[in-house]
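In the numbering used here, the protein residues as written are 3 to 288.
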């Protein structure tokens with residue numbers, strides 16, 4: 003399976019002036035996120051970088067030949083953004099929204115997008131207590147994309163499952179497939195609130211979730227169509243032809259690693275409001 007590449011945020015903060023000599027935890031953070039597509043990572047279905055146009059400070063992708071409804075594309079919105087996130091101390095708190103991504107799915111002719119990397123510049127600053135921030139760190143995610151054919155018209159099998167021309171998802175032709183991995187959890191970082199060694203350095207974990215339940219475990223046929231034979235488990239979403247689908251991302255910060263139990267494909271949304279139902283749990287470090 004093609005993997006979602008992630009850069010582990012693991013940096014120690016030093017030389018912070020603070021008056022307390024007791025162990026302390028940062029209870030609120032300012033989380034700043036600025037996301038963009040990486041121009042050099044773009045691969046079109048014909049293998050050329052020229053088959054996909056990038057613009058808008060690398061936040062907009064467009065591809066394909068317009069046959070009446072415009073090109074297909076991906077848009078990053080609400081970026082850069084900054085929000086206050088409360089630390090979940092031995093608990094999970096609601097995720098705080100940051101960027102969103104919209105897929106514009108239009109009938110086109112080739113070439114289309116095959117894959118692209120999205121980089122997110124993350125800056126963490128203690129809000130309560132107010133202390134100096136950590137250096138900005140870049141996290142990189144690989145997106146695999148499949149612009150499906152419409153299976154020869156109504157009645158043909160769709161690459162993502164189902165039948166072309168049948169049902170809400172495939173009613174206007176076979177849905178396109180957007181796949182990411184579930185590796186957006188537990189980016190580790192450290193902070194010492196007094197900077198003098200009096201406090202033990204505290205480890206924190208920031209995790210990125212999707213809030214609109216658009217990301218789901220996909221049917222095995224959709225995973226294999228996008229990632230290759232044998233890759234039967236993946237996360238993503240399918241988008242109907244002639245429709246725009248927006249997914250909203252958010253972040254949580256915890257003092258313990260989080261673990262998520264993935265259900266069988268198609269049973270429920272993975273993130274967002276379904277967290278409790280999915281057995282999202284904290285596991286103490288040994």
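Note that CB positions come from ideal geometry on N, CA and C, so glycine has one too. In this text the structure is predicted, and so the values were computed from the model without any measurement.
Task: Residues near residue 174 in its chain [Cβ-Cβ closer than 7 Å; skip 5 each side] - done: Taking the first residue of the chain shown as position 1, residue 174 is located at position 172. If we look at residue 174 and ignore the five residues flanking it on each side, its Cβ neighbours are 242, 243, 244.
TODO: Could you name each continuous beta strand (DSSP E) segment of 3 residues or more that falls completely within the region 147-221, going from the start of the chain to the end?
DONE: 178-182, 189-193, 204-212
TODO: Under 8 Å Cβ to Cβ from residue 47, same chain only, skipping five residues before and after it: list those, please.
DONE: Stepping through the chain shown from its first residue, residue 47 is reached at position 45. Here the set comprises 53, 112, 113, 114, 115, 116, 149.
Open item on the list: Do residue 107 and residue 178 have their beta-carbon atoms positioned less than 8 Å apart in this structure?
Closed with: The sequence position of residue 178 within the chain shown is 176, counting from 1. The sequence position of residue 107 within the chain shown is 105, counting from 1. Closer than 8 Å, so yes.
- [ ] Tell me whether residue 53 sits in a helix, a strand or coil according to DSSP, three-state version.
- [x] Here the question's residue 53 lines up with position 51 in the chain shown. Residue 53: helix per DSSP, three-state reduction.
Task: Span separating the alpha-carbon of residue 129 from that of residue 213 - done: The sequence position of residue 129 within the chain shown is 127, counting from 1. The sequence position of residue 213 within the chain shown is 211, counting from 1. Distance between the alpha carbons of residue 129 and residue 213: 23 Å.
TODO: Going by CA-CA distance only, name the one from 119, 78, 69, 261 that's closest to residue 1.
DONE: The structure shown has nothing for residue 1, since the chain only spans 3 to 288.
- [ ] Mind checking which residues open and close the beta strand (DSSP E) that includes residue 36?
- [x] The sequence position of residue 36 within the chain shown is 34, counting from 1. Looking at the DSSP string, the run of the beta strand (DSSP E) that includes residue 36 is 30-39.
Task: Minimum C-alpha distance to residue 144 - residue among 166, 151, 121, 136 - done: To locate residue 144, count along the chain shown from 1; it is residue 142. Ranking 166, 151, 121, 136 by Cα distance to residue 144 puts 121 first.
Open item on the list: Is it the case that the region 90-98 contacts the region 124-143, given that we only count it when at least three CB pairs across the two stretches are under 8 Å?
Closed with: no
Open item on the list: Quick check on DSSP: helix, strand or coil for residue 120?
Closed with: For this step, residue 120 is matched to residue 118 along the chain shown. Strand, per DSSP.
Task: Whole-angstrom distance between residue 151 and residue 36, CA atom to CA atom - done: In the chain shown, the residue the question calls residue 36 occupies position 34. In the chain shown, the residue the question calls residue 151 occupies position 149. One C-alpha to the other measures close to 33 Å.
Open item on the list: On the CB-based measure, 16 or more other CB atoms within 10 Å of its CB, does residue 250 come out buried or exposed?
Closed with: On the chain shown, residue 250 is found 248 positions in, with the first residue counted as 1. Buried: at least 16 other Cβ atoms inside 10 Å.
TODO: Can you give me the Cβ contacts of residue 123 inside the same chain, cut-off strictly under 6 Å, excluding the 5 residues immediately before and after it?
DONE: Working through the chain shown from its first residue, we reach residue 123 at position 121. Hits under 6 Å: 36, 138, 140.
- [ ] Throw me the rounded Cβ distance for the residue 293 and residue 82 pair, which I believe falls under 8 Å.
- [x] The structure shown has nothing for residue 293, since the chain only spans 3 to 288.
TODO: For residue 229, name the three-state secondary structure that DSSP assigns.
DONE: Working through the chain shown from its first residue, we reach residue 229 at position 227. Three-state DSSP puts residue 229 in a helix.
TODO: Identify whether residue 244 lies in helix, strand or coil by the three-state DSSP scheme.
DONE: To locate residue 244, count along the chain shown from 1; it is residue 242. It is coil, neither helix nor strand.
- [ ] Go ahead and label residue 101 buried or exposed: buried means 16 or more other beta carbons lie within 10 angstroms of its beta carbon, across all protein chains shown.
- [x] The sequence position of residue 101 within the chain shown is 99, counting from 1. Buried is the call here.
Open item on the list: Pop quiz: residue 2 and residue 181 are said to be a contact at Cβ under 8 Å. What is the actual Cβ separation, rounded to whole angstroms?
Closed with: Past the edges of the chain, shown from 3 to 288, lies residue 2, and the structure says nothing about it.
TODO: Would you decide whether residue 59 is buried or exposed? Buried here means 16 or more other CB atoms lie within 10 Å of its CB.
DONE: For the purposes of this step, residue 59 is taken as the residue at position 57 of the chain shown. Exposed is the call here.
Task: Backbone secondary structure at residue 26 - three-state DSSP - done: Stepping through the chain shown from its first residue, residue 26 is reached at position 24. It is coil, neither helix nor strand.
Open item on the list: Give me, in chain order, the residues of the same chain whose beta-carbon lies closer than 7 Å to that of residue 73; leave out the 5 immediate sequence neighbours on both sides.
Closed with: One-based indexing of the chain shown puts residue 73 at position 71. Closer than 7 Å at the Cβ level, and outside the excluded window around residue 73, lie 64, 65, 66, 108, 110.
TODO: Determine the DSSP secondary structure at residue 97, reduced to helix, strand or coil.
DONE: Residue mapping note: residue 97 aligns to position 95 of the chain shown, counting from 1. Reduced to three states, the DSSP call for residue 97 is coil.
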